[in-house]
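J.:
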Amino acid sequence: EVGSVQIQNVASVAGNLCNASPAADGVPALLVLDAEVELRSTKATRQLPLGEFILGNRSTALQPGEMVTAIRVPKRSAVGASAFVKLGARRYLVISI
Ligand SMILES: Cc1cc2nc3c(=O)[nH]c(=O)nc-3n(C[C@H](O)[C@H](O)[C@H](O)COP(=O)(O)OP(=O)(O)OC[C@H]3O[C@@H](n4cnc5c(N)ncnc54)[C@H](O)[C@@H]3O)c2cc1C
Numbered sequence: 468e469v470g471s472v473q474i475q476n477v478a479s480v481a482g483n484l485c486n487a488s489p490a491a492d493g494v495p496a497l498l499v500l501d502a503e504v505e506l507r508s509t510k511a512t513r514q515l516p517l518g519e520f521i522l523g524n525r526s527t528a529l530q531p532g533e534m535v536t537a538i539r540v541p542k543r544s545a546v547g548a549s550a551f552v553k554l555g556a557r558r559y560l561v562i563s564i
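Using the working numbering, the letters of the sequence shown correspond one by one to residues 468 to 564.
Take a look at the structure:
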């Protein structure tokens, strides 16, 4: 139910985070799991909690020359079960509310 067939098959979770859309389905799910992103450039590698990586609507802490090379979910967050329920005006190809 996320995106179109093309997005379901080709898009990456990193792209979904870097897009920083308020409707991004990957963001709330990874935020509640306390995920952090690894940002790498030719000069340095740094880690940021997802809540500090996404600065606002379409805005991230990505610096010129950096790319997201990993998304880490702490092991403690992988305990138990979780679910993501998408709220939208229709079932498919919908922007999340
Ligand atoms: C028809 C349609 C339906 C959609 N439906 C949904 C939906 O249901 N749910 C949802 O969450 N989103 C939806 N989207 C938007 C969605 O967020 C993006 O299309 C997709 O998730 C982004 O992933 P991507 O890998 O294609 O990124 P791209 O579109 O390739 O990249 C997005 C941005 O991030 C940058 N980027 C990508 N990867 C990296 C990286 N590793 N490091 C640094 N920068 C990077 C790119 O340069 C670009 O600026 C929809 C879009 C369309 C067109």
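Idealized CB from N, CA, C, for every residue including glycine. Predicted, not measured: the structure shown is a model, and the values here were computed from it.
For N476, count the other beta carbons within 10 Å of its own beta carbon; 16 or more makes it buried, fewer makes it exposed. Which is it?
T.: Counting Cβ neighbours within 10 Å, N476 comes out exposed, since fewer than 16 surround it.
J.: Here's a check: name, in chain order, each residue in its chain whose Cβ is nearer than 6 Å to the Cβ of P516, leaving out the five neighbours to either side.
T.: E503
J.: Going straight from the alpha carbon of T527 to that of E533, what length do you get?
T.: Put simply, the backbone Cα of T527 is about 11 Å away from that of E533.
J.: Does any heavy atom of ligand 2 sit closer than 7 Å to the C-beta of A496?
T.: No copy of ligand 2 appears in this structure; the ligands present are ligand 1.
J.: What is the rounded straight-line gap between the Cα of P489 and the Cα of N483?
T.: 11 Å
J.: Let me confirm a value: I564 is counted as buried when at least 16 other C-beta atoms fall within 10 Å, else exposed. Which label applies?
T.: exposed
J.: Buried or exposed, going by whether 16 or more other CB atoms sit within 10 Å of the CB of A491?
T.: buried
J.: Determine whether the beta carbon atoms of L500 and V540 lie at a separation below 8 Å.
T.: yes
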